[in-house]
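Enquirer:
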Amino acid sequence: MATEAVVLAAGAGSRFGGGKLLTSYGRGVLLDGALAAAFAAPVRRVSVVTGADGSQIAEAALAHDPSVQIVDAHGWEEGMAASLRAGIASLPDDTEACFIFLGDMPRVPHAILKPLCEAVLQGAPAAAPVFAGRRGHPAVLSRTLFPQVLALRGDVGARAILDALGERLALVESPDDGVLFDVDARRDLA
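Position 172 of the sequence shown, counted from 1, bears residue number 354 in this note's numbering, the numbering being contiguous throughout.
1. Opposite residue 189 in the DSSP bridges: which residues?
2. Starting from residue 254, trace the alpha helix (DSSP H) both ways and give me its first and last residue.
3. With a 10 Å radius around its C-beta and 16 neighbouring C-beta atoms as the bar for buried, classify residue 379 as buried or exposed.
4. Can you find the residues in the same chain that come closer than 7 Å, C-beta to C-beta, to residue 346, ignoring five residues on each side of it along the sequence?
5. Cutting at 8 Å between CB atoms, please list the residues of its own chain near residue 226, excluding the five before and the five after it.
6. Indicate whether residue 232 and residue 254 have their beta-carbon atoms separated by less than 7 Å.
7. In terms of residue numbering, what span does the alpha helix (DSSP H) encompassing residue 347 cover?
8. How about residue 301 and residue 352: are their beta carbons less than 7 Å apart?
9. Tell me which residues share the same chain as residue 336 and place their Cβ nearer than 6 Å to its Cβ, disregarding the 5 neighbours each side in the sequence.
10. Tell me the rounded alpha-carbon separation between residue 292 and residue 223.
11. Determine, using beta carbons only, whether residue 228 and residue 240 come nearer to each other than 7 Å.
12. Please name the residue in 330, 333, 320 whose C-alpha comes closest to that of residue 363.
13. From 236, 256, 360, 207, pick the residue whose C-alpha is nearest to that of residue 316; which is it?
14. Can you say whether residue 309 is buried or exposed, counting buried as having 16 or more other CB atoms within 10 angstroms of its CB?
15. Could you check the C-alpha separation between residue 273 and residue 296 for me, to the nearest Å?
16. From the DSSP output, in three-state form, read off residue 221 for me.
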């Protein structure tokens, strides 16, 4: 199955005070955690969607791995929908599934990635991790959902699309809370 990964990294991080994904975290910057997970996934290619701080985000992504594809989200100010549309629209025509990673989630456990992909390979329209009864990220979407993603508008992600799947959404138990941990404010880094 031709599977891709898209890392959403276009937001301005306004609640953080700007420059969130380029903030020091671990041995690099915050974005590195999401990139490490994306490159650990069973995918043929990783794309990073940029917007705010576009050239700096692209530079950081390429420093992490020169094979990363950079996708510019025109109109990123609209919100997450613009980033999702740009990422999905950039996929090769033969893409059958796509991981959606969030750039501000640096602790996604790599052990969850293959089971998420396998759930979609086995026929689920999408898969998402859960921890302690809460759904997290990344999600894996089958190509059957791409038209719905391309129709999204505003500051919304794919949550409504996943919610509408009901029991058809494959939920995969995560070994830890990294599927829930995101950085919204500087205090989240403490």
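Cβ coordinates follow ideal geometry from the N, Cα and C atoms, glycine included.
Expert: By the coordinates alone:
1. The sequence position of residue 189 within the sequence shown is 7, counting from 1. Beta-bridge annotation (DSSP): residue 189 is paired with 230, 283.
2. As a first step, residue 254 must be located in the sequence shown, where it is residue number 72. Where residue 254 is concerned, there is no enclosing alpha helix (DSSP H), although the beta strand (DSSP E) it sits in stretches over 251-254.
3. Residue 379 lies beyond the stretch modelled for the chain, which goes from 183 to 372, so this question has no answer here.
4. On the sequence shown, position 164 is the one that residue 346 refers to. Excluding residues within five positions, none has a Cβ falling inside 7 Å.
5. Position 44 of the sequence shown, counted from the first residue, corresponds to residue 226. For residue 226, same chain residues with a beta-carbon under 8 Å away, outside a window of 5 residues either side, are 184, 185, 186 in chain order.
6. Sequence index remark: in the sequence shown, residue 232 carries index 50 (1-based). Sequence index remark: in the sequence shown, residue 254 carries index 72 (1-based). Yes. Within cutoff.
7. Taking the sequence shown and counting its residues from 1, one reaches residue 347 at position 165. Run containing residue 347: 341-347, per the alpha helix (DSSP H) assignment.
8. Here residue 301 refers to the residue found at position 119 of the sequence shown. Here residue 352 refers to the residue found at position 170 of the sequence shown. Yes, the Cβ-Cβ distance between residue 301 and residue 352 is below 7 Å.
9. Your numbering for residue 336 matches position 154 in the sequence shown. Same-chain partners within the cutoff: 261, 263.
10. In the sequence shown, counting from the first residue as 1, residue 292 sits at position 110. In the sequence shown, counting from the first residue as 1, residue 223 sits at position 41. Taking the straight line joining both Cα atoms gives about 7 Å.
11. Taking the first residue of the sequence shown as position 1, residue 228 is located at position 46. Taking the first residue of the sequence shown as position 1, residue 240 is located at position 58. Cβ distance not < 7 Å, so residue 228 and residue 240 don't count as in contact.
12. Counted from its first residue, the sequence shown places residue 363 at position 181. Of the candidates 330, 333, 320, the one whose C-alpha sits nearest the C-alpha of residue 363 is 320.
13. The residue given as residue 316 occupies position 134 in the sequence shown. Considering only alpha carbons, the answer is 360.
14. For this step, residue 309 is matched to residue 127 along the sequence shown. Its Cβ being crowded by 16 or more others within 10 Å, residue 309 is buried.
15. Translated into positions along the sequence shown, residue 273 becomes position 91. Translated into positions along the sequence shown, residue 296 becomes position 114. Near 20 Å, if we compare the C-alpha coordinates of residue 296 and residue 273.
16. Position 39 of the sequence shown, counting from 1, holds the residue named residue 221. Helix.
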